[in-house]
Amino acid sequence: MKVSDICAFMERFAPKALAESWDNTGFLVGEKDQPCVRVMTCLTITPETVREAVEKKADCIISHHPMPFRALKELTSASTTGKLLRALIKNDIALYCPHTSFDSAPGFGINQQLADALKLKETVPFVPNPDCGGGTGRMGIWETPGTLALFLEKVRDLLKLPYVQYVGSLDRPVRKIGIGCGSAGEFLQYAQRFGCDVFLTGETNFHTCLEAEATGISLVLMTHFAGEKYACDRLAEIIRQEFPELEEVWGCRGEKEPLATFF
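See below:
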């Protein structure tokens with residue numbers, strides 16, 4: 022089996038046509054014809070994720086966030102990006118980064134995974150892609166409608182979070198839910214337009230929180246890390262099922278939320 026087989030699967034699973042125009046997605050480092058028996062998924066290329074990939078002899082990393090994100094003028098150890106990319110090249114580790122195509126993919130895309138895990142039915146994208154299926158964000162009807170407090174519990178328990186930040190009244194009835202993983206505060210406008218009771222995203226800014234409060238839509242922040250890491254770990258399971266001949270496929274175990282909380 023070769024890296025090209027993993028790339029071909031990822032391009033079927035999360036077509037590059039779904040990626041945003043500003044994004045840098047796809048096969049970014051390595052040789053497609055190199056043998057591949059060990060694959061690691063992760064959210065981001067960091068010193069910790071690269072160290073784990075090297076120690077466990079990964080042949081290919083599928084990192085949700087791309088590296089490099091923007092064009093490089095030099096590839097040296099003077100920058101963190103250069104240092105990490107040089108380590109991948111030195112250890113013959115290929116890198117594939119789906120990013121916004123994975124966010125928007127039908128079936129097992131990140132937003133769809135979250136919608137399914139939270140028991141939403143009749144799910145549709147905010148902005149459908151007629152060519153590839155899927156599309157920007159998701160919205161759906163909660164299978165067993167309840168209060169905002171109950172929805173917060175579901176999010177907290179699913180993602181194993183110590184707490185969940187929110188805007189809104191805990192006793193507010195919740196039925197229609199919008200989702201935008203990562204940093205998707207700009208999708209609040211879609212959730213408002215389509216009459217969602219709640220918009221779930223990873224992170225956003227202060228003024229988006231004020232906008233939600235002023236317009237009466239509840240806003241739930243699951244952290245950028247937790248929602249996307251959940252889907253990256255599940256991606257490892259999907260690849261394992263698709264390619265049983267692989268020696269090992271795993272979600273990076275050393276990756277963690279970069280923000281700590283002091284109480």
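Count along the sequence shown from 1, add 21, and you get the number used in this note's numbering.
For each residue, glycine too, the CB sits at the ideal point set by N, CA and C.
Just so it is clear, the structure is predicted and the values come from calculations on it, not from any experiment.
Alpha-carbon to alpha-carbon, residue j and residue i
i	j	result
T165	F283	35 Å
P151	E258	28 Å
H89	N45	Residue identity check: residue 89 is Pro in the sequence provided, not His. Taking the straight line from one Cα to the other gives about 8 Å.
K104	T222	31 Å
E68	H86	Per the sequence presented here, residue 68 reads as Pro, with Glu not at that position. Spanning the two alpha carbons is a distance of roughly 14 Å.
I260	L179	22 Å
V145	G161	7 Å
K94	P36	28 Å
Y117	H228	34 Å
E263	Q134	17 Å
First through last residue of the alpha helix (DSSP H) which encompasses residue i
i	result
F227	F227 to T236
T97	First-last for T97: undefined, no H or E at that position.
F123	T121 to S125
Three-way DSSP call (helix, strand, coil) for residue i in this model
i	result
I134	Before going further, note that residue 134 is Gln rather than Ile in the sequence given. Three-state result, Q134: helix.
K104	helix
P194	strand
V176	helix
M160	strand
L171	helix
I260	helix
C253	helix
V75	helix
A205	coil
F34	helix
K23	strand
I200	strand
T70	helix
Residue range of the beta strand (DSSP E) that includes residue i
i	result
Q186	Q186 to V188
S239	S239 to L242
A84	The residue you asked about is not Ala; residue 84 is Ser in the sequence shown. Counting along the chain, the beta strand (DSSP E) containing S84 begins and ends at C81 to S84.
V145	L141 to V145
T322	Here the chain has residues from 22 to 284 only, and residue 322 is not among them.
F129	No beta strand (DSSP E) holds F129; DSSP gives it neither H nor E.
W271	E269 to G272
G223	V219 to E224
L49	G47 to V50
C118	A115 to C118
Within-8 Å CB hit, residue i to chain C
i	result
A205	Included in the structure is just one protein chain, with no chain C present.
Anticipated Cβ contact below 8 Å, residue i with residue j, distance rounded
i	j	result
S122	L39	4 Å
D80	I114	7 Å
T168	V195	6 Å
Segment contact, 8 Å Cβ cut-off, at least three pairs: the region 132-142 with the region 52-70: no
Contact between the region 41-56 and the region 70-77 (3+ Cβ pairs under 8 Å): no
Contact the region 200-209 vs the region 145-161: 3+ CB pairs below 8 Å: yes
Segment contact flag, the region 235-249 with the region 265-284, C-beta cutoff 8 Å, min 3 pairs: yes
Meets three-Cβ-pair contact criterion under 8 Å: the region 206-215 and the region 180-189: no
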